[in-house]
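What follows is a short report on a single structure.
Number of protein chains: 2
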Amino acid sequence: MTTAYAELTQRLADLTALEEVVGILSWDQEIVMPSGAADARGRQLSTVQVVAHERLTHPRLAELLATLRHDPTLDTTQAANVREAQRDVNKATRVPSHLVRALGETAVRGHEVWVGARKNKDFQEFAPVLTELVDLAKQRAAAIAPDRPAYDVLLDDYEPGMTMARLDPIFARLKEVLLPLIARVRAAKDVPDMTWLAQHVPAENQRQVGEKIVRSMGYDFSRGRLDTSVHPFCGGAGPTDVRITTRYNENAFLGSLTGLVHETGHALYEQGRDLSLADQPVSRPRSMGIHESQSLLWEKQVAHGRAFWQAHYPELQQSYGFLQDKPLDDFLRGVNYVNPNNFIRVAADELTYPLHVILRYEIERDLFSGQLDVRDLPTAWKERMRGYLGITPPDDAVGVLQDVHWSGGAFGYFPCYTLGALYAAQFYQAAVAEHPEIPARLAEGAVEPLLGWLRRNVHQVGSRLETDALVVAATGRMLDPEAFLSYVTAKFTRLYQL
Amino acid sequence: MTTAYAELTQRLADLTALEEVVGILSWDQEIVMPSGAADARGRQLSTVQVVAHERLTHPRLAELLATLRHDPTLDTTQAANVREAQRDVNKATRVPSHLVRALGETAVRGHEVWVGARKNKDFQEFAPVLTELVDLAKQRAAAIAPDRPAYDVLLDDYEPGMTMARLDPIFARLKEVLLPLIARVRAAKDVPDMTWLAQHVPAENQRQVGEKIVRSMGYDFSRGRLDTSVHPFCGGAGPTDVRITTRYNENAFLGSLTGLVHETGHALYEQGRDLSLADQPVSRPRSMGIHESQSLLWEKQVAHGRAFWQAHYPELQQSYGFLQDKPLDDFLRGVNYVNPNNFIRVAADELTYPLHVILRYEIERDLFSGQLDVRDLPTAWKERMRGYLGITPPDDAVGVLQDVHWSGGAFGYFPCYTLGALYAAQFYQAAVAEHPEIPARLAEGAVEPLLGWLRRNVHQVGSRLETDALVVAATGRMLDPEAFLSYVTAKFTRLYQL
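As you go down the protein sequences, you meet chains C and X in turn. FYI, in the working numbering the residues of the first sequence are 197 to 694. FYI, in the working numbering the residues of the second sequence are 197 to 694.
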């Protein structure tokens, strides 16, 4: 190893440690912090973030990266580490600090205004600050890459390499298949009894069942913990401290359980990172879309499927008496219940979810190209909602104001949810092609060889490969929507006897 | 406010935030961290500490302090803030980094070796690394103040301003009164039945009773929390996040409860700090001895006294059935039970505790003056234990190896425990002189006006005054042992009918 590379890794390790500290402070804030400490926590977090920013923009770090960028003695992992660090440094150095401050302050104000506007169901209260947030995001994009479309630069924050030019045809193809499929589900006569989904299950019972399933998925409690929180998340501090949270809705045991499986999918990705490189950028999860692929693979491909429940349904029946006489097939229809009349993205099922995302993507894209004005968002929202799902939200609170993302200035994030679903289907298809015994093993309650395949092809790879290269190496081809489309078509055709 | 002073407070606020971050990381490590995260936590902590050290030794900070040290426009609080910051800077800049590293590494090794030696009950296993630790502490003292006795410099770490010249006569006076008093207690015939102290009380019952008492003392749960841990402590991050822990020993409910009161005393001090200056050194608790005075005042003066139990004993009787027929007087003798045959400092009662401390002080003093060699410690220990308490520890594990302090290089800490007891007695005496109704109010379950007196005279003062000035302002005289001695003499003469 060269002296320069050794110095680089030391500097990057310090940055990783500081990011991990932010992870612990944030977890603490959500889960255990006394309410009176909020102001002090704000100061602690911003101090650590300022320190991290100073180190990330330190001239010596830029100098080391410049030296190493074309160093032929680096191996591929080291070169990838340099590439990842360079991307972080570019963003940190190119965005002027007055813009960082304005973004931060406007996001805080935006969130406050959004909370009020949503309460009052009035988008126009939110419109002025949203306009500011869009302008600031445009300025930021221009600072990072003045020659690229702003929205492509924003997409890059969450899904490096992704562009509108690639998303447009993928989303067009999704609409082409999903819209008629949803219409057929809507027309299906045989709507099963679903009242049992709302049966009361005490949180403690749910916790016991949930913990057992989390453990069976391979989550390592010696390198993590499970707590409850209003908004479930996967946080913590690096691969040896991966903390998940969940919420036990006592009148929606199934959603609580699959939500927990979702967070466990994120956690398995984090715990599966290359421990020998845990303090370096190259071991980091590749992107938001790939992260979401891991949560959705476990939540949807696995825990919405027959094989998984062949293993776990008997336990569930034993714990929840009201399931004792319910056949597995009926239960699976409940797990996969499609509700095209739902307005809310986070409550959406597997089939309609992509349309909630596409709607948001198209609005963001048109906002940043200048084709759409902020004040016209509610109209654009309703038109698209009618076009895609045939429904009209009664007010802004369950329409254009339902998501928190824009209030914090996060534009370009939404596509990752559906990219995650597409990656998940493509990964699962490839894993089963390589290990055809996966479903049979899941039906026995065993996560191997599925978990092993994910470890080798996704978790351990980290950011060694860029996204496309990772997907090609894992599945033999670039991302496309066909694995997802054939999976949902087959599944819902069967479940709804279309 | 001058520009220089404004810049100083900003730099000090950043340092405070970093210290608070260390507080949260440490609490997390003890209470919620998964075991597998230990190595990562070590890296996170050391990164934050290195950052803090860099900022504390930054030339600009020294420059600002030099400018402000003789600035006549500063008010007394500002001047005190400069003084406190200067002391931190002096220590950080005068100790060379190679020595800091050697101290840190040797302390880690020292702790490991001590654990093994204590297990094997063999001091000589520990002697070599203890010798290294003593040498390093001498080097450190010489770096900070080459013209002062090393042990005085070490005392200053915990109790600024304290010296051997002041401790020697105070401790001599304690021995003069306590030794004959203990002999009379030992000779007392009327030893009460104490088996009820070991009655089994489930942890959950203890928690309910404990929480109620903690609340009644004025502890604010919106700015803190109460958890359980093997070694109880008061930690957290500044006055709005004061976290206490306790241990519920199911066969020693009373010790668990008074231990909890002790930590609550520390916590009240932290919560009582001047919130408008919470991010500045001037609001910090004055010293270890003053901190211990707050825990001991509540634990001993208050929760070992009749007035407090007049208020709380009926609740306790209601919760713990076996106390129902036990008169308050018998209960109070249990609370104040003296056991001169106890070898262990942390298990010692109020009367014998100072002798455990004096023994350690004398050994440390003689070690650093060169009068005593490390290898002769067990002999010195046993001789003094025989001289003071008339007992000989059967082995090193319950003798010279019982405390963790030396294994981490903490020399000069022990005297603070007894200084705390002396300050506590002197403060309580002064508070009652000013508010004679304090005992009657305590007997009604009210902590006012005692808490108000402490807030005004100790908590809010913080480090505005140096220790002696604080004590004089609060009590009208310098620290002396007479308040403590008359208090214990009166109390134990009465309890043991001497």
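Just so you know, even glycine gets a beta-carbon here, dropped at the ideal spot from N, CA and C. Note that this is a predicted model, so its numbers are computed, not measured.
{"Asked": "How far does the alpha helix (DSSP H) with Ile440 of chain C in it reach, from first residue to last?", "Found": "Element bounds for Ile440 of chain C: not the alpha helix (DSSP H) but the beta strand (DSSP E), 438-442."}
{"Asked": "Could you tell me the distance, in whole angstroms, from the CA atom of Gln274 of chain X to the CA atom of Val478 of chain X?", "Found": "8 Å"}
{"Asked": "Look at the alpha carbon of His655 of chain C and the alpha carbon of Gln335 of chain X, and state the distance between them as a whole number of angstroms.", "Found": "49 Å"}
{"Asked": "Using the beta-carbon count (16 or more within 10 Å), is Met390 of chain C buried or exposed?", "Found": "exposed"}
{"Asked": "Just to confirm before moving on: does the CB-CB distance between Thr243 of chain C and Asp210 of chain X stay below 9 Å?", "Found": "yes"}
{"Asked": "What span of residues does the alpha helix (DSSP H) with Gly485 of chain C cover, start to end?", "Found": "484-492"}
{"Asked": "How far does the beta strand (DSSP E) with Arg305 of chain X in it reach, from first residue to last?", "Found": "Run containing Arg305 of chain X: none in the beta strand (DSSP E); it sits in the alpha helix (DSSP H), 293-315."}
{"Asked": "Residues in its own chain within less than 8 Å of Gln404 of chain X by CB, not counting five upstream and five downstream?", "Found": "Ser515"}
{"Asked": "Excluding the 5 residues preceding and the 5 following Arg251 of chain X in the sequence, name in chain order all residues of the same chain whose CB lies nearer than 8 Å to its CB.", "Found": "Arg207, Asp210, Leu211, Leu214, Leu257"}
{"Asked": "Would you report the Cα separation of Asp592 of chain C and Ala543 of chain C, rounded to the nearest angstrom?", "Found": "17 Å"}
{"Asked": "Considering Leu666 of chain X, what are the terminal residues of the alpha helix (DSSP H) in which it resides?", "Found": "663-671"}
{"Asked": "Please name the residue, chosen from C:Arg660, C:Ala368, C:Leu691, that lies closest to Asp676 of chain C on a Cα-to-Cα basis.", "Found": "C:Ala368"}
{"Asked": "Could you check where the beta strand (DSSP E) with Gly432 of chain X kicks off and where it finishes?", "Found": "430-432"}
{"Asked": "Do Ala620 of chain X and Phe680 of chain X have their beta-carbon atoms positioned less than 9 Å apart in this structure?", "Found": "yes"}
{"Asked": "Between which two residues does the alpha helix (DSSP H) containing Gly420 of chain X stretch?", "Found": "Note, Gly420 of chain X: premise wrong, no alpha helix (DSSP H); beta strand (DSSP E) at 420-424."}
{"Asked": "Of the choices C:Val657, C:Gly641, C:Ala346, C:Gly648, whose alpha-carbon is the least far from that of Arg411 of chain C?", "Found": "C:Gly641"}
{"Asked": "With 16 other CB atoms within 10 Å as the buried threshold, where does Val387 of chain C fall?", "Found": "exposed"}
{"Asked": "For chain X, check one thing: does any of its Cβ atoms lie closer than 9 Å to the Cβ of Ser418 of chain C?", "Found": "yes"}
{"Asked": "Taking all protein chains shown into account, decide if Arg673 of chain X is buried (16 or more other Cβ within 10 angstroms of its Cβ) or exposed.", "Found": "exposed"}
{"Asked": "Hey, Leu261 of chain X and Val278 of chain X are a contact pair by Cβ (cut 8 Å); roughly how many whole angstroms apart?", "Found": "6 Å"}
{"Asked": "Considering only residues of the same chain and omitting the five flanking positions on each side of Ala670 of chain C, which have a CB-CB separation below 7 Å?", "Found": "Phe623, Ala626, Asn653, Val654"}
{"Asked": "Return helix, strand or coil for His249 of chain C, following the three-state DSSP convention.", "Found": "helix"}
{"Asked": "If you compare alpha carbons, which of C:Pro536, C:Lys496, C:Gly566 is closest to Gly586 of chain C?", "Found": "C:Pro536"}
{"Asked": "Does Val410 of chain X get closer than 9 Å to chain C when you measure Cβ to Cβ?", "Found": "no"}
{"Asked": "For Asn537 of chain X, which of helix, strand or coil comes out of DSSP?", "Found": "coil"}
{"Asked": "Using 10 angstroms around the beta-carbon of Asp235 of chain X, count the other beta-carbons present and answer buried if the total reaches 16, otherwise exposed.", "Found": "exposed"}
{"Asked": "For a contact defined as C-beta to C-beta under 7 Å, what are the partners of Ser472 of chain C on chain X?", "Found": "What Ser472 of chain C touches in chain X: nothing, since even the nearest Cβ is about 12 Å away."}
{"Asked": "I'd like to know whether the C-beta of Arg207 of chain X is nearer than 9 Å to at least one C-beta of chain C.", "Found": "no"}
{"Asked": "Identify whether His266 of chain C lies in helix, strand or coil by the three-state DSSP scheme.", "Found": "coil"}
{"Asked": "List, from N- to C-terminal side, the beta strand (DSSP E) runs of 3 residues or more that fit wholly inside the stretch 617-650 of chain X.", "Found": "none"}
{"Asked": "Give the straight-line distance between the Cα atoms of Cys430 of chain C and Val553 of chain C, rounded to the nearest whole angstrom.", "Found": "22 Å"}
{"Asked": "Do the stretch 375-384 of chain C and the stretch 420-429 of chain C touch if we need at least three Cβ pairs shorter than 8 Å?", "Found": "no"}
{"Asked": "Using the Cα positions of Arg382 of chain C and Glu678 of chain C, report the straight-line distance between them to the nearest angstrom.", "Found": "22 Å"}
{"Asked": "Under the rule that 16 or more other beta-carbon atoms within 10 Å means buried, what is Asn447 of chain C, buried or exposed?", "Found": "exposed"}
{"Asked": "To be precise: take each residue of the stretch 434-450 of chain X, compare its Cβ to all Cβ atoms of chain C, and keep it if any distance is under 9 Å. Which residues remain?", "Found": "Gly434, Pro435, Thr436, Asp437, Val438, Arg439"}
{"Asked": "Ordered along the chain, which non-local residues of its own chain (more than five positions away) have a Cβ less than 6 Å from that of Arg722 of chain C?", "Found": "No answer is possible for residue 722 of chain C: it lies beyond the span of chain C, which begins at 197 and ends at 694."}
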